[in-house]
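Enquirer:
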Amino acid sequence: MVNYPFTTLPEDVVALMTRTYAPIAMDGMSQLIKLFDAYCNVTQAEITYLGMSSPSFEGTIRGFLGALSEDTFIGVSRGLRTSYAKEFVRLIHEMAKDVPLLPTFEGKDGWPMPNAKYWAIAKENLDPSAVRFWNGWPVESADGKTIYMSCANLWISHGPEFTEQVYKALCQWAIKMRRPRCSEFSAFLNFVSERPNSWPVETFRDPIQIKHLFLDFMVWYFKDQLAQGNDLATATKSYAAFINLISSTMLAGGSWVKPFTGNLPKPKVINVAGVDTNKKKNSKGEVIKAKLITEIPYEVTDTQAIELLFKIIKADNDILYRWANAQAWKTSNNRKARERLAKSGNSDKVIYATHSQPEDLNPADVCAAFQEHGFDYVKRDFSKRFGKNVTREFLNGFLNVPTPDDLYPFKLLLVHAYPCITQSFIDNLELYNEQGVLHGFVKLVYCLKNKCSVKSSMLAC
1191 MVNYPFTTLP
1201 EDVVALMTRT
1211 YAPIAMDGMS
1221 QLIKLFDAYC
1231 NVTQAEITYL
1241 GMSSPSFEGT
1251 IRGFLGALSE
1261 DTFIGVSRGL
1271 RTSYAKEFVR
1281 LIHEMAKDVP
1291 LLPTFEGKDG
1301 WPMPNAKYWA
1311 IAKENLDPSA
1321 VRFWNGWPVE
1331 SADGKTIYMS
1341 CANLWISHGP
1351 EFTEQVYKAL
1361 CQWAIKMRRP
1371 RCSEFSAFLN
1381 FVSERPNSWP
1391 VETFRDPIQI
1401 KHLFLDFMVW
1411 YFKDQLAQGN
1421 DLATATKSYA
1431 AFINLISSTM
1441 LAGGSWVKPF
1451 TGNLPKPKVI
1461 NVAGVDTNKK
1471 KNSKGEVIKA
1481 KLITEIPYEV
1491 TDTQAIELLF
1501 KIIKADNDIL
1511 YRWANAQAWK
1521 TSNNRKARER
1531 LAKSGNSDKV
1541 IYATHSQPED
1551 LNPADVCAAF
1561 QEHGFDYVKR
1571 DFSKRFGKNV
1581 TREFLNGFLN
1591 VPTPDDLYPF
1601 KLLLVHAYPC
1611 ITQSFIDNLE
1621 LYNEQGVLHG
1631 FVKLVYCLKN
1641 KCSVKSSMLA
1651 C
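Per the numbering used here, the sequence shown runs over residues 1191 to 1651.
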């Protein structure tokens, strides 16, 4: 949603929400206010600063919370939708300190499912044009990867018909490419949308004006690249690829008119030796090689570069160690939190009805069962035990079973403590116990028709 502007919420309301939420914002919730703006836009809700104290605004809030009960409004996981709902309720509570009579929500009253009925009513009268506008404008490559184009501002400045025409042509081009380069195209669309009076839709039907447009954009593009300190030789190649994209999609297909000369203007690509490519100025004004992981200025000697490189690597290593240590403690504290919660729960048989909702679960009981019977008890027959509406992701919100991502910091700490552990150290690694027997296997006994067999299963080391 970073490519979208605010469409419905007034500036004073956006300013209030941004100011009150900033001190309490949770990581990953940067698009929360924009998400509410999208809801107000598709449901045609009218929002004003004074109107936030009215009963109608409470209905809008409940509709938004209800929309987060299913993935038709936003296609993300249930856990993330629940987080959005909780954070929005926190935001409303903070706003209530500035706005009298602003509705607040306590307990389950602010959860998505109890408010689903408000969303059911609201989605009967959605604005089809707004729904299309907020679709994200995805473009899929031949590899199945999705890129999101910056078409929202163009929709506002040049209208839906023109935007759909551009989007359709771009989709047809991208599906043939394994790695489509769309950044320059998005920059061009933003450039045009910011200057609708200078370059209206009629520009793309006029052979003279379309040439002037691309000359204007070319000047802006290279000034912008220069201001960012990017290598102009590399930028020239990127711009040439962009012009080829325009020619093969918009011009060849007849969507846009060709200049009288037949070709759009572009600078001549000059082949540069590899050592002189990808030069860029950093924040200190030093010329560096942009494609390197560590920034090393061209002006230093080899000896200075080696010293500087290892100094930077050590600093990066220290930062990574502190991060890994903090994450490891976080994982450990999550486990302790589960154990504390389990003490207040009942580990007896944990089974919920088929249509139970997440809010019907008692986290303390689930944690107690986990502590008493182990992970397999919770995992086995999951849908029979917890019903159809409870997800593993929701359950892990309080069970805090470590994921591979949670264990990654421990890997970093292990390598930090024992630098000898490299890839070559791991290759062909064999572990033996004190009796000299190959270790890392566990014997599993299976009994079938009164016959027992022994089977080995590899365990992760």
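All C-beta atoms, glycine included, are put in the ideal place defined by N, C-alpha and C.
Going by beta-carbon coordinates alone, are A1377 and P1195 separated by less than 9 angstroms?
Expert: Contact flag unset, no.
Enquirer: Suppose you measure from the CA of D1555 to the CA of S1537; what does that come to, to the nearest Å?
Expert: Distance between the alpha carbons of D1555 and S1537 is about 6 angstroms.
Enquirer: Name the residue from L1435, Y1598, V1232 and R1385 whose alpha carbon lies nearest to the alpha carbon of W1519.
Expert: Of the listed residues, the one whose Cα sits closest to W1519 is Y1598.
Enquirer: Exposed or buried, which one is L1416 when buried takes at least 16 other CB atoms within 10 Å?
Expert: It is exposed - the Cβ of L1416 has fewer than 16 other Cβ atoms within 10 Å.
Enquirer: Look at the alpha carbon of Y1338 and the alpha carbon of F1375, and state the distance between them as a whole number of angstroms.
Expert: If you take the alpha carbons of Y1338 and F1375, they lie about 12 angstroms apart.
Enquirer: Considering only residues of the same chain and omitting the five flanking positions on each side of M1303, which have a CB-CB separation below 6 angstroms?
Expert: S1259 and Q1547.
Enquirer: Which residues in the same chain have their Cβ closer than 7 angstroms to the Cβ of P1290, if we skip the five residues on either side of it in sequence?
Expert: Contacts found: S1243.
Enquirer: From which residue to which residue does the alpha helix (DSSP H) around E1562 run?
Expert: Element bounds for E1562: P1553 to H1563.
Enquirer: From this set, Y1511, K1504 and V1356, which residue's C-alpha is nearest L1441's C-alpha?
Expert: Of Y1511, K1504 and V1356, the residue nearest in Cα terms is V1356.
Enquirer: Considering only the beta carbon of each residue, do T1152 and L1405 sit closer than 9 angstroms?
Expert: Residue 1152 lies beyond the stretch modelled for the chain, which goes from 1191 to 1651, so this question has no answer here.
Enquirer: P1370: buried (16+ other C-beta within 10 angstroms of its C-beta) or exposed?
Expert: The residue is buried, with at least 16 neighbouring Cβ atoms inside 10 Å.
Enquirer: What first and last residue would you give for the beta strand (DSSP E) that runs through Y1658?
Expert: Absent from the model: residue 1658. The displayed extent of the chain is 1191 to 1651, so no value can be given.
Enquirer: Taking the alpha carbon of G1253 as the reference point, which residue from F1412, N1231 and R1322 has its own alpha carbon closest?
Expert: The shortest Cα separation from G1253 among F1412, N1231 and R1322 belongs to N1231.
Enquirer: Can you look up Y1622 in the DSSP assignment and give me helix, strand or coil?
Expert: In the structure shown, Y1622 sits in a strand (DSSP, three-state: E or B).
Enquirer: So, helix, strand or coil for Y1511, using DSSP?
Expert: If DSSP states are grouped into helix, strand and coil, Y1511 belongs with the helices.
Enquirer: Hey, how far is the Cα of S1206 from the Cα of N1380?
Expert: In the sequence under discussion, the amino acid at residue 1206 is Leu, which differs from the Ser named in the question. Roughly 27 angstroms separates the two Cα atoms.
Enquirer: How is V1329 classed by DSSP in three states: helix, strand or coil?
Expert: Reduced to three states, the DSSP call for V1329 is strand.
Enquirer: Please report the distance separating the alpha-carbon of S1445 from that of T1238.
Expert: C-alpha separation (whole angstroms): 41 angstroms.
Enquirer: When you compare only the Cα positions, how much space is there between W1513 and Q1362?
Expert: If I take the Cα positions, the gap works out to 43 angstroms.
Enquirer: Report the option in N1315, S1373 and P1386 whose CA atom is closest to the CA atom of G1349.
Expert: Minimum Cα distance to G1349 is reached at P1386.
Enquirer: My output table needs one value for L1199: the three-state DSSP class, helix, strand or coil.
Expert: In this structure, L1199 counts as coil in the three-state DSSP scheme.
Enquirer: Which residue marks the beginning of the alpha helix (DSSP H) containing Y1429, and which one marks its end?
Expert: It spans L1422 to I1436 - the alpha helix (DSSP H) in which Y1429 sits, taken as one unbroken run.
Enquirer: Tell me the DSSP bridge mates of I1337?
Expert: V1329.
Enquirer: Please determine, among K1307, S1319 and S1383, the residue with the shortest C-alpha to C-alpha distance to K1344.
Expert: In the sequence on display, residue 1344 carries Leu and not Lys. Here the closest residue by C-alpha is S1383.
Enquirer: Answer with buried or exposed for E1583, where buried requires no fewer than 16 other C-beta atoms within 10 angstroms of its C-beta.
Expert: Exposed, since its Cβ has fewer than 16 Cβ neighbours within 10 Å.
Enquirer: Taking buried to mean at least 16 other C-beta atoms within 10 Å of its own C-beta, is L1621 buried or exposed?
Expert: Exposed.
Enquirer: Which complete alpha helix (DSSP H) runs does the region 1378-1417 hold, if anything under 4 residues is left out?
Expert: Correct list: 1397-1417.
Enquirer: Give the straight-line distance between the Cα atoms of Y1608 and D1595, rounded to the nearest whole angstrom.
Expert: In a straight line, the C-alpha of Y1608 is about 21 angstroms away from that of D1595.
Enquirer: Between G1444 and chain D, is any beta-carbon pair separated by less than 9 angstroms?
Expert: Considering every chain present, this structure includes no chain D. It has just one protein chain.
Enquirer: Going by Cα to Cα distance, which pick from T1294, I1365, L1255 and T1336 is closest to G1313?
Expert: Reading off the sequence, residue 1313 comes out as Lys, not Gly. Measuring from the Cα of K1313, the nearest candidate turns out to be L1255.
Enquirer: Give the C-beta separation of T1250 and A1235 to the nearest angstrom, bearing in mind that I take them to be a contact with Cβ-Cβ under 8 angstroms.
Expert: Right, the Cβ-Cβ distance comes to about 5 angstroms (below 8 angstroms), so this counts as a contact.
Enquirer: From D1506 to N1515, what does the alpha carbon distance come to, in whole angstroms?
Expert: Using only the alpha carbons, I get a separation of about 14 angstroms.
Enquirer: Touching or not, the region 1279-1288 and the region 1325-1332, by the rule of three or more beta carbon pairs under 8 angstroms?
Expert: Counting Cβ pairs under 8 angstroms, fewer than three are found: no touch.
Enquirer: Near A1558, what residues of its chain come up, given a Cβ to Cβ distance below 7 angstroms and the 5 sequence neighbours on each side ignored?
Expert: For A1558, where only same-chain residues beyond five positions count, the Cβ hits under 7 angstroms are A1532, G1535, N1536 and S1537.
Enquirer: I'd like to check one pair, F1352 with K1401: are the Cβ atoms closer than 9 angstroms?
Expert: Cβ distance not < 9 angstroms, so K1401 and F1352 don't count as in contact.
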